[in-house]
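Since the structure comes first, as structure tokens, the remarks are kept for the end.
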Amino acid sequence: MDRSLNSLSSDFRPKVVELLAQLTERGIAVRIVQTARTLEEHHANLTSGASTTALSKHLPRRLRGFPATDPDLDKVDAIDVCPYELYQLVGPDKLQWSDRASPQAQAAFAVIGEVGERLGLRWGGRWVRPHDPGHLELVLPAPPPPTMAA
Numbered sequence: 000m001d002r003s004l005n006s007l008s009s010d011f012r013p014k015v016v017e018l019l020a021q022l023t024e025r026g027i028a029v030r031i032v033q034t035a036r037t038l039e040e041h042h043a044n045l046t047s048g049a050s051t052t053a054l055s056k057h058l059p060r061r062l063r064g065f066p067a068t069d070p071d072l073d074k075v076d077a078i079d080v081c082p083y084e085l086y087q088l089v090g091p092d093k094l095q096w097s098d099r100a101s102p103q104a105q106a107a108f109a110v111i112g113e114v115g116e117r118l119g120l121r122w123g124g125r126w127v128r129p130h131d132p133g134h135l136e137l138v139l140p141a142p143p144p145p146t147m148a149a
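Below, the structure is given as structure tokens:
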């Protein structure tokens, strides 16, 4: 399981560094649980219900259809973090993470979401299925529509 900030795209990494800095300033200790994911890990997450999207932003851009000219072709645009105290209790299974587990977990996930969204990131705590309060991802512009040859 990859937890390296070096796996993050050049657009995403500075935002994650700022996220971690702001969380530290606010006294929220987190564990980076995952950045990049292999296709096999992603299929396991789909099977378990930990993911519901075929093209997870935890997968390298090359597996998500980015053009071969993209300088970050082998980089990812998502991160999973967990408040450290909750991680110590339940471990890396994100299906066990809950922002309702305790008042401390609820407060920590709320700050993670607040800071992430202020930085322009999409926060999985807003999702219903799966509710994923430890997930943050880069919001990418929609690709241009294909052009029709005359």
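Residue 64 in numbering that gives the first Met the number 0 is what sits at position 65 of the sequence shown, and the numbering runs on without skipping anything.
Just so you know, even glycine gets a beta-carbon here, dropped at the ideal spot from N, CA and C.
*Buried versus exposed, by CB contacts within 10 Å (16 or more), Ala104*: Here residue 104 refers to the residue found at position 105 when the sequence shown is read from its first residue. If you draw a 10 Å sphere on the C-beta of Ala104, you find 16 or more other C-beta atoms in it, and that means buried.
*Taking one C-beta from the region 118-126 and one from the region 22-35 each time, how about it: are there three or more such pairs within less than 8 Å?*
No contact exists between the region 118-126 and the region 22-35.
*Is the distance from the Cβ of Leu22 to the Cβ of Val114 below 9 Å?*
Position 23 of the sequence shown, counting from 1, holds the residue named residue 22. Position 115 of the sequence shown, counting from 1, holds the residue named residue 114. Yes.
_Sheet register partners of Glu136 (DSSP bridge)_ = Reading the sequence shown from its first residue, position 137 is the one you call residue 136. In the DSSP output, where bridge partners are listed per residue, Glu136 has Ala77, Arg121.
*Ignore the nearest five residues each way along the sequence and tell me which others in Asp131's own chain have a CB closer than 6 Å to its CB.*
Along the sequence shown, one-based indexing puts residue 131 at 132. Setting aside the 5 residues that flank it on each side, Asp131 is surrounded in the same chain by Gly123, each with a C-beta closer than 6 Å to its C-beta; the list follows chain order.
*Select from Leu4, Ala67, Ala49, Thr68 the residue whose C-alpha is nearest the C-alpha of Pro129.*
Along the sequence shown, one-based indexing puts residue 129 at 130. Of Leu4, Ala67, Ala49, Thr68, the residue nearest in Cα terms is Ala49.
*Val89, DSSP secondary structure in three states*: On the sequence shown, position 90 is the one that residue 89 refers to. Here Val89 sits in helix by DSSP.
*Who are the Cβ neighbours of Val110 in its own chain at under 8 Å, not counting the five residues just before and after it?*
Within the sequence shown, the letter at position 111 stands for residue 110. Close CB contacts of Val110 within its chain, under the 8 Å cut and outside five residues either way in sequence, are with Leu22, Arg25, Ile27 (chain order).
*Can you name, in chain order, every residue of its own chain whose Cβ lies under 8 Å from the Cβ of Leu72, other than the five neighbours on each side?*
Your numbering for residue 72 matches position 73 in the sequence shown. In its chain, beyond the 5 residues on either side, Pro59, Arg60, Arg61, Phe65 have a beta carbon closer than 8 Å to the beta carbon of Leu72.
*asked:* If the criterion is Cβ atoms closer than 9 Å, does the pair Ser9 and Val75 meet it?
replied: Along the sequence shown, read from residue 1 onward, the residue named residue 9 stands at position 10. Along the sequence shown, read from residue 1 onward, the residue named residue 75 stands at position 76. Cβ atoms of Ser9 and Val75: not closer than 9 Å.
*asked:* Nearest by alpha-carbon distance to Phe157: which of Thr52, Leu85, Pro91 is it?
replied: No answer is possible for residue 157: it lies beyond the span of the chain, which begins at 0 and ends at 149.
*For the putative contact between Asp79 and His134, defined by C-beta atoms under 8 Å, what is the C-beta separation to the nearest angstrom?*
Walking along the sequence shown from the start, residue 79 turns up at place 80. Walking along the sequence shown from the start, residue 134 turns up at place 135. About 5 Å separates the two Cβ atoms, so the contact holds.
_Bounding residues of the beta strand (DSSP E) (the contiguous stretch that carries Val29)_ = For the purposes of this step, residue 29 is taken as the residue at position 30 of the sequence shown. Per DSSP, Val29 is one residue of the beta strand (DSSP E) stretching across 29-33.
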